[in-house]
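Okay, structure first, notes after.
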Amino acid sequence: MDAYNITVVGGAGIVGREFLKILDQREIPVGRLRLLATARSAGKTVDFRGKAVTIEETSDASFTADDHIVFLSASGSASKRYAPMAAANGSFVIDDSSAFRQDPAVPLVIPEINPEDLEWHKGIVSQPNCTTTPMVLALHPIHRVNPLKRIIVSTYQAVAGAGGAAVDGLAAESRAALEGRHEPSGTQKREIAFNAVPQIDLFDADGYTKEEIKMANETRKIFHAPDIAISATCVRVPTFFGHAMTVWAEFTNPVDPDEARKLIATGAGVTVVDDPANEQYPTPMDVAGTDAVLVGRIRKDTSCPGALALWTITDSIRKGAATNVVQVIEEAARRNLIRR
Ligand SMILES: NC(=O)c1ccc[n+]([C@@H]2O[C@H](COP(=O)([O-])OP(=O)(O)OC[C@H]3O[C@@H](n4cnc5c(N)ncnc54)[C@H](OP(=O)(O)O)[C@@H]3O)[C@@H](O)[C@H]2O)c1
Numbered sequence: 006m007d008a009y010n011i012t013v014v015g016g017a018g019i020v021g022r023e024f025l026k027i028l029d030q031r032e033i034p035v036g037r038l039r040l041l042a043t044a045r046s047a048g049k050t051v052d053f054r055g056k057a058v059t060i061e062e063t064s065d066a067s068f069t070a071d072d073h074i075v076f077l078s079a080s081g082s083a084s085k086r087y088a089p090m091a092a093a094n095g096s097f098v099i100d101d102s103s104a105f106r107q108d109p110a111v112p113l114v115i116p117e118i119n120p121e122d123l124e125w126h127k128g129i130v131s132q133p134n135c136t137t138t139p140m141v142l143a144l145h146p147i148h149r150v151n152p153l154k155r156i157i158v159s160t161y162q163a164v165a166g167a168g169g170a171a172v173d174g175l176a177a178e179s180r181a182a183l184e185g186r187h188e189p190s191g192t193q194k195r196e197i198a199f200n201a202v203p204q205i206d207l208f209d210a211d212g213y214t215k216e217e218i219k220m221a222n223e224t225r226k227i228f229h230a231p232d233i234a235i236s237a238t239c240v241r242v243p244t245f246f247g248h249a250m251t252v253w254a255e256f257t258n259p260v261d262p263d264e265a266r267k268l269i270a271t272g273a274g275v276t277v278v279d280d281p282a283n284e285q286y287p288t289p290m291d292v293a294g295t296d297a298v299l300v301g302r303i304r305k306d307t308s309c310p311g312a313l314a315l316w317t318i319t320d321s322i323r324k325g326a327a328t329n330v331v332q333v334i335e336e337a338a339r340r341n342l343i344r345r
């Protein structure tokens, strides 16, 4: 692979820093690395391959024609402003926010599922929500031979999914609560330590939150299957790293759990950990800091003949975000889609 000049907006964030770690772990050749953030982090340094890189404040002038790759990992509003500018320079732009996920001109890509969608990118490639990625990876091996009809999903999302401040917030709230004080950090809609909060993002008119709507729309876009019926309930829980979810899925034809287990085990990027006789199933702690998508508790949905229930886990900042981005870079490079 050629060496790329890479600019990261949000380079001081929890995903931005993990992205640097994964670039290094996967030995991606990097020419010039530029890390951008707000004035809060400007001037701080981040170590990359033994060199200190100074974080700069982001401005319109930050994006230049020598950026081969721009990774936007900051906020929806920052992405809306800077992604078109970077794409206009000819840079290959990967956006981790929800700003472009439903834009019909922007592919939404998980390399194990729809790498061919990279071919029609027009400068910007979008990155799915950290809950969508593990769910569709777990279901894809069945869906590709027996199309999905309906999904009901409930999530148990770690605070890391809400950024670095939320991780610090849970730690501070937990310490205070153990000393008998309620001190909400303000990083969630309610105090999160020792609690569970059924609101991630804002409510829409129909009573679903935007996080829940994202899961539904992104699944349909990635699978190119606009008719899949999906109802999601997204809940923040007081785990630090590792999103969990229970998924009930109905396919065009009935699926037997043994057959499902075998199919899921063939899926790229997914590992089955499912042995109830020996009380084996995955938990969030099993995936923290790894790229694994683990699937267990695969069984019949007794409320709907032929349907399945399962449980899946992944680290939101790894395969839910930074790892997928690095895999997109690898795949786009293989396909010669990054302008040099
Ligand atoms: N955390 C996850 O599991 C996850 C998963 C999938 C997608 N995402 C998405 O990834 C993005 C980053 O999330 P994160 O969890 O890494 O958040 P984070 O830890 O809060 O970091 C956000 C970073 O973005 C920078 N930033 C914020 N607004 C900016 C602006 N207007 N211009 C330039 N820089 C700006 C911040 O700068 P300062 O350092 O100066 O504050 C910080 O470096 C978000 O779009 C999020 O929705 C996150």
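In our numbering, the protein residues as written are 6 to 345.
For every residue, glycine included, the Cβ atom is placed at its ideal position computed from N, Cα and C.
Annotation: the continuous beta strand (DSSP E) that includes ALA234 extends over 234–238. Contact holds between the segment 160–174 and the segment 238–256, because three or more Cβ pairs, one in each stretch, are under 8 Å apart. In this structure, ARG225 keeps its C-beta atom at 8 Å or more from the C-beta atom of ILE218.
In this chain, the beta strand (DSSP E) harbouring ALA254 covers 248–256. If you ignore the 5 residues before and after SER159, its C-beta comes within less than 6 Å of the C-beta of THR238, THR251, all in its own chain and listed in chain order. Under a 10 Å Cβ-count criterion, GLY48 is classified as exposed, with fewer than 16 other Cβ atoms of the shown protein chains found around its own Cβ. Secondary structure note for PHE24: its alpha helix (DSSP H) is the uninterrupted segment 19–30.
The C-beta of ASP101 has 16 or more other C-beta atoms within 10 Å across all chains shown, which makes the residue buried.
Ranked by Cα distance from GLY272, the options THR59, PHE105, ILE27, ILE147 are led by ILE147. Assignment of SER82 by DSSP, reduced to helix, strand and coil, places it in the helix class. Taking GLU62 as reference, the option from LEU40, ASP71, SER82, PHE76 with the minimal CA-CA separation is LEU40. When rounded, the separation of the alpha-carbon atoms in ASP108 and VAL130 is 10 Å. Distances taken from the Cβ of ASP173 to the heavy atoms of ligand 1 include none shorter than 7 Å. Beta-carbon to beta-carbon, ASP72 and ASN10 are separated by about 6 Å, close enough to satisfy the 8 Å threshold. Nearest C-alpha to GLU335 among ALA210, ALA79, PHE97: PHE97. CA-to-CA, the gap between ALA17 and ARG45 works out to about 10 Å. By the criterion of at least three beta-carbon pairs nearer than 8 Å, the segment 265–283 is in contact with the segment 293–306.
As for any beta strand (DSSP E) of minimum length 3 sitting wholly inside the segment 120–149, the runs are 129–131, ordered along the chain. Residue state for GLY301 is assigned as strand, using DSSP reduced to three classes. At a threshold of 7 Å, ARG241 does not count as near ligand 1, since its beta carbon sits no closer than that to any of the ligand's heavy atoms. A check of alpha carbon separations from GLU178 across PRO203, TYR213, PRO243 identifies PRO243 as the nearest.
Burial check for ARG323: the Cβ neighbour count within 10 Å reaches 16 or more, so the residue is buried. Judged by DSSP secondary structure, ALA181 falls outside any beta strand (DSSP E) and instead within the alpha helix (DSSP H) spanning 169–183.
Proximity to GLY311 across ASN151, GLY15, ALA91, ASN341 peaks at ASN151, based on C-alpha coordinates.
According to the DSSP assignment, VAL51 belongs to the beta strand (DSSP E) that extends over 50–53. DSSP places VAL333 in the uninterrupted alpha helix (DSSP H) bounded by 328–339. Pairing ARG31 with GLN132, the inter-Cα distance amounts to about 19 Å.
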